[in-house]
Each structure stands twice: as C-alpha cells, then as structure tokens.
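Protein chains in written order, with numbering that gives the first Met the number 0: chain U, 0 to 163; chain R, 0 to 862. Even for Gly, the Cβ is constructed at its ideal location relative to N, Cα and C. Okay, so here's the structure we're looking at.
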Amino acid sequence: MTVIATTSSRNRRTTVETEIATLEFVTMTIEDQMFGIPVLQVQTVLGPQTITRVPLAPREITGALNLRGHIVTTIDVRTRLGLAGKEHASGMNVVVDHKGELYSLVVDAVGAVLKLPSAEFEKNPATLDPVWSDVSMGIYRLDERLMIVFDVERLLDLNRQVAA
Amino acid sequence: MDDLLNEFLIETSENLSVLDVELIRLEQNPNDPELLGNIFRLVHTIKGTCGFLGLPRLETVAHSTENVLGKFRDGELKVDSESVSLVLAGLDAIKAILTELEASEKEPVGNDTSLIKALDALAEGGPAIIPTVPAPILTSPAKPEPKPVVAASAKPEPEPIAEIEAPEKAEPRESVVVGSSIRVHVDLLEHLMTQVSELVLTRNQLLQILRSEKESTFTASLQRLNHVVSDLQEGVIKTRMQPIGNAWANLPRVVHDLAREMGKKIDLKMHGDETELDRQVLELVKDPLTHMVRNSVDHGIEAPLERINAGKPETGVIRLDAYHDGGYIIIEIHDDGKGLDTDRLRRKGVQLGMISDADASAMTDQQINQLIFKPGFSTALEITAVSGRGVGMDVVKTNIEKMGGTIELVSTKGEGSKITIKIPLTLSIISALIIECAGECFAVPQISVLELVRVVRNSKCQIEKIKDTPVLRRAGRLMPLVSLQDILKLDHRAQDDERDEAFIIVTKVGACVFGIIAHRVFDTIDIVVKPVAPILRHIEVFSGNTILGDGSVVMILDPNGIATATGEIVVADLDHERTQIEEEANLHRANTQSLLMFKAGGHAPKAVPLSLVVRLENIEIKSIEYSNNNQPVVQYHGELMPLVPCDPAFQLGGKERQPVLVFTDDGRSMGLIVDEIIDIVEETVDVQLKSEIKGLMGSAIIDGKASDVIDISHYLAHAFSDWFGSKDRDAFGDEGLTQRVMLVDDSPFFRNMLTPLLKISGYDVTAVDSAVKALELCEQGADFDVIISDIEMPGMNGFEFARRLHDRDAWKDVPIIALSSYASEKDLNRGRDAGFADYVAKFDRDALLNSLSLILTNTKGAV
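Structure (structure tokens):
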C-alpha cells in the first residue's frame, strides 16, 4: 500500500515539476519556515477573523468563519504540521478553494507573491519529517531561504495516516 | 369555461406539440411504423374528440389530415418533406381554430376548403400543394390561390408555411390555457434560491443593526424591505415546490413491468400525489422511493397462488400515501404481502455476524426487522435483477437521513409491511432557536423543539441526578437529560450542575422524548441551512451550519445525532420503546373498524360500518314529501332521495328534525331514518349471532354492549325497488343486476366522458386505459356483459385485442363493440373479421347506447 502510494506520488511530482515552470506563489510563514501555495489556488487572504469553534472537530480545525456569506472552514496549519499550537490560534487566513468548498489555512504571516523559475525546484529531501514530506510537493531554493510548496489537497485531507 | 371543453383544449394542445416534434422526426425516418402509428393515433384522438364535442369545422380539418396520415401508414403515400409540410399546415389550422375556440368558447366561423382540398388531393395520390391562404379565421371565404409545389421539387418554398403559421389576426393573443405556465431551468431556480437566501441573511443583519440603534431614519424603509424580502422568500420557495406525484409518476410502470416479469398481480394505489415538497427533496426522495416500491413488489407481495393459499385476494395491493405533517412530508409505503421473514432475518443476522446468538433470541421481531437497514444485509434468496444486491435499505436509510428525515419500518408476518418516511419539506430555510452552551452559540431547528423548560437550582423545577445521569420530572414522568456541554466536550469553568439556572430543550427522536441541557436561550430566527464542509461531515451532532444576523457562523444541532451520540444503549432503548408502541397500535388498527352506532327501535343499539355512510343529515320533517306509492322522499342535492326507516314500525312525526344516514350506491342516494345517532367507535367486529331477520347481519358485542349490525344492502334494495318501480328492473334483467360494461380507451378524456354517460344509462362501467389491462382483468376472472373498445390505442390496438379475447375461453362470447371514428369500409371489414359485434362512431352517443342495448338484448335472447 505504502509502496504504491509513494510511486504514484512520485509520478505526480514529476509532472508538477515540469508544469510549475513559471508559477507564481503566495508565500507564508510559520515559525520562520516559508511555505508557498500556487497563486491560482488561493481565493483571498484575510487578516485575523472571528472564528466559530466547531466542537468535536479534528484538532487541526479551529472552526468556521464567514467570508461574504460563505462559510469557510479554518485549518490551523501549525497543528497540521505537528507544531505546538499557539495559545490563541489567530493569524492570517489564506483562503483556498478545494472541490468547490472554501478552506482557510491559518498561518503566522503572509508574504509577497513570488514568481519562481522551475530550475530552483527540487523534490523533498529524503530525510524530511514524514508529516511534512507528505504535504509538501517539493522545495524551492530561494536566495536566502528554502520554501516548501504545499500540496493543498493533502494538507486538507486530515485522515492521512502518516507513519511517524 | 365548460370543463369538458377546457380539458379538450389542454389535451389537444399537448397532443399538438407532441405532433409537431413527431412529424419532424417522421420526415427524417419516414419508415418508422411505430412513429407513424403514434402520429396517426394522436390526430385520430383529436378528430374523435372534436366529433364528440360538436366541433364540425375542427373535425373536418382533422379528418382530412388524418386521411393523409392513414395513407402514410398504409404505405400508399410516400413520406416526404412536402407532404409533411402540408400535414403541418393542417395542424397549424387546427391550432388557429383552437386559439379562437379558447377565446370565444365557440368554434369560429371560417372556411378551410382550400386546405382540405389540398389534403384530400394529397390523400388521393396527388401532389402536396400547400394553399397560400389558410383562412382559418377569416369569416368571408377567401379565394384560394394555390401555389403548386410539386412533390418532386428539390426546393420547397418555405413562404406558404410561414404564412400559415402567422394567420391574419387583429391582435395576437396569448393562449391562456396553454401559456399559463412556462418552463424554467432548474439551475435558474437554484440560483434564485441562493440569492434570496443571501438576501434574507443580509436583511437579518440589517434588522440586527436597527435594533441596536434607538432611533434611525432607516426604520420605515427597513420594515418595508423586511416584508418584501419575506414575501419574496416565500414566493421563491413556492416556485421550487412540486407535487410528489412527479416523483412517483414512474412507479405504476415500474410495478406493472416488474409484476409481469415475476408473474404477480399487483394493484398500486397512490394517494396524495398533489402533496408538495421542495424539488431538491423531491429529487433526493425519488430513488429511495422507487427502491422501496420495487422491494415491495419483489419481496413483499407473494405470487398469486401463494396469496390464494394464504386466504388473501389474488391481487396484492401496494399503497402509497403522502401528506403534510407540520414542516414535514410523510410518505407511507404499505403492502399487504407476506411481511418480513423474521426467522430468516435472525439467522442471516447471526450468519453475517451482525448479532450474536444470544441477541438473536432476545431481540423482538420488530428489532430484528430493523436489521435490513444495516449495510451489507440482503436477504433475497437469489440475487435478482430487481433487488437483493445488498445495497438496498441501508442506502435508502442513509439518503433519507442525509435530508434530515427518518425512516421507520413495521412488518407483520403474513400481513404485510409498512414503511414510513418523514422528511422536511425544504432543506434550505428553517426556523431555528439560538441557544448558548458554555459560551458558544448553536442553532436548534425549531421543528425539533417540543418545549423549553427553565430549570432553577433548588426550586420545584430542577435537574435531579440518579448516579451521574441527569433527569427532569416532567408531566409526571422522568425525562432523561443530555448535557450538551458533555456531548460537545465543551470545557468551561462552570459545569452544568454548578449553574443556578439552565434551559432544557425538550425534543423527540422517534417516540423517545429527552431533554438537552443548554445554558442560555436566545431568539428564534429563520436561518439558511448550509451543509457542513465535507471535512466535518462525520460529526453526527451537526446537521449543518449557518450565518447569523451579526455575521457569525453557528453550527446547527441535530437532535437525532445527539441521541445517537449519547450511546448505543439509549438508542437501542429508543428503538425498543418505539417499536413496542407501534406494534400495539398496529395490532389494534389491523382488526378494528370504525362503526357508527345509532338507535332505531328496539333496545339494542345498531351499528353500521362508518365507511359505508356518506353523510349524516338532520332532515326537517317539513321537507319530507311522499311519492305516489307513499314512499317518503326528500330533495337532496337537487335529486329526490328515498327515505327508508331502519325500524319498519317507525312512524314519521313527533319531532321537528329526523337524523338520517345517507348511503350512496351506484350514483343513487338513500336516506336511512334512525332515532338517534349515538357515537362512532373503533371496534373489532365479530358477529356472533347470525340473524334471520331481514336487514340485520347479526349481533356483536360493540363497546361492551350487545348491538345489531345492520345489513345496508337490504335497505338499498328496499329503497330502490320501491322507488324505481319494476319497469327499469326489466330492462336491466333480474334483481337489479345491472349490465357490466368494460370500456377500453387510452384517452383519459374519452374515459372520463363515456363512463358517466354509460353510468347514467344504468350500466356498471369499468374503464381501463389499455387492452393489456383489460386482458389482465380477464385473467383475474372479472366478468363483463359487453366490452366497448377503442381501435387506435398504443401497444395493443383494438383488432389485436379482439383477436386475443376470442382465443380465451373466459370472454370468448362477450360481445365487443368497436369504438372508432376511423370507420372506412376496409376497417369495417377488418373489424368484422376480428370479431367485433358492432362498429360505432366514437362521437355518436346515441348510436353507442342503441348498439349497447341492441347487442345486450340479442345476447340475452340467445342465451
């Protein structure tokens, strides 16, 4: 099972590698680590919002917010990545559209939109934390730092069991 | 407008629009016999109906058009675009006349000679010439200037047709009957609904703001906006409402086909098809409904032989009922089949490891029955194409519950099963109560709130605890309570029991009533239900979420889910309690009958089944008149109704008013004079002493008293033999035995028209819409004195039907009258060959009645 999953994901990553040649990314940071999401997947970016808690929800889901009449489920990326959550998880909201539903990824800060050449993209280092590796499409080598590209679909799939 | 005419207009304009399409298809596939047959039949129906209604002008045009089509059908004429255009021209002329007819309720004066000539010429094998001036409306005969278009011509000129399509008229009029509804794409309605939902939310927000401002210049306008939005919302919801009949329109066909396939006899009865519900719900309920009905056919109703052996009528009955109950629609599917085989379910459950042996013996039958809702549970011995693939009832249940509905099943072995589905009318906007628990707000659908109880510590009304289970005394019983704080795992400094005050939301799941402990209660408001994100859908205590007036998101609590979340034990208990209640009720219902108790002479109260009584009247003695032979009568709904005293010794007078039970039989009414109406009781009727006295069925213990059950047929016979005299009797044969007529006609219009006509003339009429149905009746052993059959019918036509009947012993000697307006010499001969006793024009009422009485007299003479 695991083997199959790895192969298929590797194939997928190869295609992504060629496709993202001139992609633009919305960048964001969590605990000084930089992440990027292809700009076309991002609906909007919001400042700190009033979030309604959803009882019994998985840990990663902080609740729901109202975006112009649409209900957006908020996901604390920090928790998702296995980092210690902040006392009051409020931060910037990067709203993404996934299969017609809106989700907000709560991160510490949102940075500039970067246009990145594919030459600087490479796959995850083999030793990367399995949870991180699972939600990362690959790494961009920027001048000063490294940027992880989020695989939004996997990021939103909370049921993924990653062998820790 | 005359009802008949109105019905004719609707039916005809529907037929015409079908025709337009079919003719175009015919042009493309000129050799499709089925298509031709269909077209021919439609025009034929139009013609026949015109004749009956006395619309000669329309009839002649239809007749000529039909002639051409007849030639097409018989292969005597080639179908090409010119001749099709001419037929279309004929249809256009019919349409034009219909428009006038609708406006004036009279057939317009006019002249269609040129068109008819052209059609007739074509029928005779001449070229298709489309006359330029159709003159359907013009009162003065217009001079036809035929512009010949030779059939062989490669380029037919389109202008003449265009002219016909736009007949000269003073002002174009919209067809009222036909144009009163339009088709709108569902997406548009969906979009409107979403927009209105958003508008409602925005309005709520505005009102919230308004409330916080003491004096605002916006108050008046906002109030107005408020009302308009409410009306708009209501209107848009209405546009989405559709009768449930749309969801089950295909079921008669499904049942029919399946029953045939499986050699079963099933009667599908559907009640309440006008019950409306949101189309979204309708769509969702369609498949489960079909599935369950198929199940009833497949597993429920037994084969005819098996039924007879079980002492049931050969034909099984599946009944569908739909009605509104609060904000819900209730759909009941009832069959009188064999019910669920609990023993097999039990074995199967154990075999599949769903229940243990111990469980199996401990569970009641009704609990066992619920197993069919478990995934992967299918009991059909063989997996048929029909059902039994193990993806049955659990999917149905899941789908129904997804809509916020419930499904319940009650089955009695040998007697049938009943499935009750309860679903909300609309999924979008609901009224909800906003509550707070541990600092967080939730919405509870108002529909699930039975009542609200405020509890205060150390008062009469307080939460008590048995070990750790909170309960509340309510209406003399203990009601279990569920702590929302615990269920939702909300942490807060103050626990439920540390609070001085709390609110109990009393709710009901199935038959179990329980209370949900909340900390505060706010308003009831209309909310737009939005589904929860897929990522959260597994949390069963929420049925959706919504945005409140202040823009905040709240989760909507689902009492069903809360009941489930409290643990299996509670739910099992609920199920148990529920099924027990139902079992009792069912047992009770199955054997009882509503009886009307009254007094009429003697000491013992008398009883008659309530279902036979049409009305109860209190008739003024003054209004009673006497007929020649001293029979008391009274004018009732414009007719004379004979009055028969229940007690032969009864004498009128003494009172100002006399209670009368009205019975109706075969369109005649009779009043049964009684002394006093006592009561209506639900009782098991068990006639213990058969009676020798005429008019009494016997005696039974009803309501603890010995009562006489009367035999109403005796009184009916009495009333009518006295009242109608003996003259009519002779005409109909012995002892009021009316002649039984079966009418076979595919047009509902004709069935509706001929049935009462024949009934008035004293025949007992059974109308069916196809020859196939008639043959089914034959197989079931029905008996008729004469059959009237249409010739042009889809599927099996009249000739085929007659031939088939003559092959059967049962109805071999029953005379058949052909009913057709297509009575050419060729057809007459064909009819005689097929064995028709007579050939009658469809629109000639008198001829039909004459033929009937002639044939019946002859048959009687022969026998």
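- The C-beta distance from residue 55 of chain U to residue 488 of chain R rounds to 6 Å, short enough to meet the 8 Å contact threshold.
- Each residue's CA atom was taken as its position, placing residue 317 of chain R and residue 819 of chain R some 35 Å apart.
- Burial check for residue 30 of chain R: the Cβ neighbour count within 10 Å stays below 16, so the residue is exposed.
- Taking a beta-carbon distance threshold of 8 Å, residue 61 of chain U does not count as an interface residue toward chain R.
- Residues are counted here when their Cβ sits less than 7 Å from a Cβ of chain R; for the region 31-56 of chain U these are 49, 51, 52, 53, 54, 55, 56, given in chain order.
- Along the region 519-541 of chain R, the positions whose C-beta sits under 7 Å from a C-beta of chain U are 529, 532, 533, 534, 535, 538, 540, read in chain order.
- Apart from the 5 residues on each side of it in sequence, residue 154 of chain U sits with its Cβ closer than 6 Å to the Cβ of 134 in its chain, given in chain order.
- Three or more beta-carbon pairs separated by less than 8 Å link the region 599-607 of chain R to the region 639-646 of chain R, which places the two stretches in contact.
- Assignment of residue 193 of chain R by DSSP, reduced to helix, strand and coil, places it in the helix class.
- Residues of chain R whose Cβ lies closer than 7 Å to the Cβ of residue 100 of chain U are, in chain order, 532, 533.
- Annotation for residue 450 of chain R: the continuous beta strand (DSSP E) segment containing it runs 448-455.
- Counting the other Cβ atoms within 10 Å of the Cβ of residue 806 of chain R gives fewer than 16, which makes it exposed.
- Distances from the alpha-carbon of residue 331 of chain R to those of R/321, R/786, R/42 put R/321 closest.
- Of all alpha-carbon atoms in U/108, U/49, U/124, U/129, the one lying nearest the alpha-carbon of residue 145 of chain U is that of U/124.
- At a cut-off of 4 residues, the continuous stretches assigned as alpha helix (DSSP H) that sit fully inside the region 50-119 of chain R are 55-72, 80-103.
- A straight-line Cα-Cα distance of about 7 Å links residue 349 of chain R and residue 359 of chain R.
- For residue 78 of chain U, not one C-beta of chain R is nearer than 8 Å to its own C-beta.
- Here the alpha carbons of residue 138 of chain U and residue 344 of chain R stand approximately 58 Å from one another.
- Secondary structure within the region 208-266 of chain R: the beta strand (DSSP E) runs of 3 or more consecutive residues, fully enclosed, are 240-242 (chain order).
- Counted as a single uninterrupted DSSP element, the alpha helix (DSSP H) harbouring residue 345 of chain R occupies residues 341-350.
- Among the CB atoms of chain R, one or more fall inside 8 Å of the CB of residue 65 of chain U.
- By the Cβ-count criterion, residue 58 of chain R is buried, with 16 or more other Cβ atoms from all chains shown falling within 10 Å of its own Cβ.
- The alpha-carbon separation between residue 95 of chain R and residue 181 of chain R amounts to approximately 20 Å.
- Residue environment for residue 126 of chain U: exposed (fewer than 16 other C-beta atoms within 10 angstroms of its C-beta).
- Between the beta-carbon of residue 833 of chain R and that of residue 801 of chain R there is about 4 Å, and that keeps the pair under the 8 Å contact cut.
- In the three-state DSSP reduction, residue 819 of chain R falls in the coil class, being neither helix nor strand.
- For residue 295 of chain R, no alpha helix (DSSP H) encloses it, and the DSSP letter there is neither H nor E.
- Uninterrupted beta strand (DSSP E) stretches at least 3 residues long and entirely within the region 463-489 of chain R occur at 463-465, 468-473, 476-482, given in chain order.
- Taking 8 Å as the threshold, the shortest C-beta distance from residue 553 of chain R to chain U falls below it.
- Counting only the Cα atoms, residue 779 of chain R lies some 20 Å from residue 337 of chain R.
- In its chain, beyond the 5 residues on either side, 52, 104 have a beta carbon closer than 7 Å to the beta carbon of residue 4 of chain R.
- With respect to residue 656 of chain R, residue 619 of chain R sits close: the two C-beta atoms are nearer than 8 Å.
- Excluding five sequence positions before and after residue 771 of chain R, the CB atoms of its chain that fall closer than 8 Å to its own CB belong to 794, 795, given in chain order.
- In terms of Cα proximity to residue 31 of chain U, the closest of U/95, U/122, U/77 is U/77.
- Pairwise C-beta distances place the region 241-257 of chain R in contact with the region 267-284 of chain R, as three or more of them are shorter than 8 Å.
- For residue 788 of chain R, no alpha helix (DSSP H) segment is defined; the enclosing uninterrupted segment is the beta strand (DSSP E) at 785-789.
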